[in-house]
Each structure stands twice: as structure tokens, then as C-alpha cells.
Amino acid sequence: MKLRKIKADFYLQNSVSAAKALLGKYLVRRQGASVMAAKIVETEAYRGKNDPGSHAFVKRTPRNEVMFGPPGRAYVYFCYGNHYLFNIVTEPEGTAGAVLIRAVEPVAGIKRMKKNRGAEGINITNGPAKFTQAMAIGREQNRTDLTKNEIYVCDGQKEKFGIVSKSRIGIKTGLDLKWRFYIKGNSYVSKP
DNA sequence: GGACCGATGTTCT
DNA sequence: GAACATCGGTCCG
């Protein structure tokens with residue numbers, strides 16, 4: 006399979022259209038000589054102002070700082086005591102925005118992912134904190150530049166799929182915004 | 001296969 | 001000191 010890194014200006018667009026556009030693309034994680042790759046099958050968009058569900062809704066703080074910074078960076082944060090969640094920063098610098106990756110489908114380096122997770126089958130990557138564990142993404146990867154080679158996104162294959170749009174998961178505000186997107190029928194989606 | 005619940009640490013009030 | 005963009009177990013059907 007041929008993988009081609011997407012262009013940096015992709016990340017300039019608004020979070021909602023980026024969240025949809027990221028479905029079917031490939032997330033690649035390099036660790037020295039080993040490579041892991043997975044197809045993005047579920048995302049959620051978060052913005053700043055006008056998005057009560059977002060970390061960046063109230064104001065800019067040290068934690069959500071990355072969301073306001075330049076696009077095409079990773080925003081990784083620690084959640085609920087034992088989980089890391091991975092976001093891709095979008096929108097121009099100064100405007101808060103990010104896309105949370107909620108689920109992926111492993112395509113390369115699967116053995117390593119199983120080992121990292123200690124799990125089998127869809128359980129390796131069918132949740133936002135599951136795939137970060139599988140792909141060895143943690144605190145050190147916060148602010149990683151996705152135009153470099155440690156973590157990056159590649160264009161997907163030419164395939165047709167339906168996109169389902171729902172309320173985001175795990176938050177109590179902003180539920181009227183249907184900013185969770187996933188590939189219809191994909192078995193790695195966390196909550197169909 | 002759905003509902004409930006505890007673990008656990010960082011952030012912000 | 002409460003809230004929190006979750007997970008994995010357990011219980012009950």
C-alpha cells in the first residue's frame with residue numbers, strides 16, 4: 006500500500022470539516038525502525054468560542070494552549086486518571102480548534118499494537134484511550150508537529166463509505182452539535 | 001448487550 | 001475539592 010503524507014494546509018480548515026475529511030485517512034506512528042499505521046474511522050470536532058463542550062470554551066489556559074496554537078500539531082492530554090487522548094490541532098493560529106481521534110482500524114504493525122495493549126481484535130483500537138495505548142502515544146507526544154515523521158497522517162485509499170453524524174460522547178454540554186463522525190458499518194467504531 | 005461503578009491524576013475553582 | 005472528551009470489570013437480564 007502506498008502512503009502519502011497530507012499537506013500542512015489541510016489543518017488550516019475548520020475543525021468540523023477536518024473531522025469529516027480525516028475519516029478514511031491513515032494515522033502513522035514511527036518509533037525508531039518500527040512503524041504502526043491505522044485507518045481513522047471515528048472522530049469528533051472541538052472548537053473554542055461557541056462550543057460549550059470544548060476545553061477551550063471558557064478561556065485559554067496552560068492545558069488547552071495547544072488548541073490555540075499553530076495547526077497540524079498533536080494535542081495529547083491525560084484524562085480520568087489513566088488515559089491519554091489524542092487530538093489534531095486545526096484552524097489558523099489564534100483560533101482554538103482540534104479533532105479528537107476516537108477510533109482507528111489497524112493496518113500495519115498490528116503485532117506491536119496488540120503487545121502494547123494486551124488485547125485482541127477490535128479491542129485493540131475501538132476507543133479514544135485504547136488506540137493511544139496501542140500506538141504508544143502519551144504525554145511526550147503533546148505538541149508533536151505532524152508535518153514531521155514521528156506521527157503523521159496520510160491520504161486514504163479511494164473507497165466509498167457512508168459518514169454518520171451524531172452527538173459527541175462523554176460530555177454534558179454542546180450535545181445539540183452533531184460533531185461526532187464515523188464510518189458507517191466499520192466494526193472499530195467505539196459506540197455505533 | 002446494557003447499566004452501573006470504581007480506579008485514578010490533572011486542572012481549575 | 002469537584003469535575004472530567006474513559007476503560008474494564010461485574011451484575012442482571
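Counting along the first sequence from 1, when you hit position 121 you're at 126 in our numbering, and nothing is skipped either side. We treat Cβ as the ideally placed atom computed from N, Cα and C, and that holds for glycine. On a predicted model such as this, the values are computed, not experimentally measured, just so you know.
Checklist entry - Shortest alpha-carbon distance to G29 belongs to which of K177, G179, F166, S170? => result F166
Checklist entry - For the putative contact between A24 and A50, defined by C-beta atoms under 8 Å, what is the C-beta separation to the nearest angstrom? => result 4 Å
Checklist entry - Tell me the DSSP bridge mates of T3? => result Look at the range of the chain in this structure, 6 to 197, and you will see that residue 3 is not part of it.
Item to check | Rounded separation between E98 and L180 - CA only | outcome: 26 Å
Item to check | Extent of the continuous alpha helix (DSSP H) run through Q36 | outcome: No alpha helix (DSSP H) contains Q36, which is instead part of the beta strand (DSSP E) from 31-36.
Checklist entry - Is DSSP giving V63 helix, strand or coil here? => result coil
Item to check | V94: first and last residue of the uninterrupted beta strand (DSSP E) it sits in | outcome: 88-94
Checklist entry - Can you round the beta-carbon distance between V112 and A43 to whole angstroms, since I take them to be within the 8 Å contact cut? => result 6 Å
Item to check | Coil, strand or helix - D56 by DSSP | outcome: coil
Checklist entry - Taking the alpha-carbon positions, what's the K12 to D160 distance? => result A straight-line Cα-Cα distance of about 9 Å links K12 and D160.
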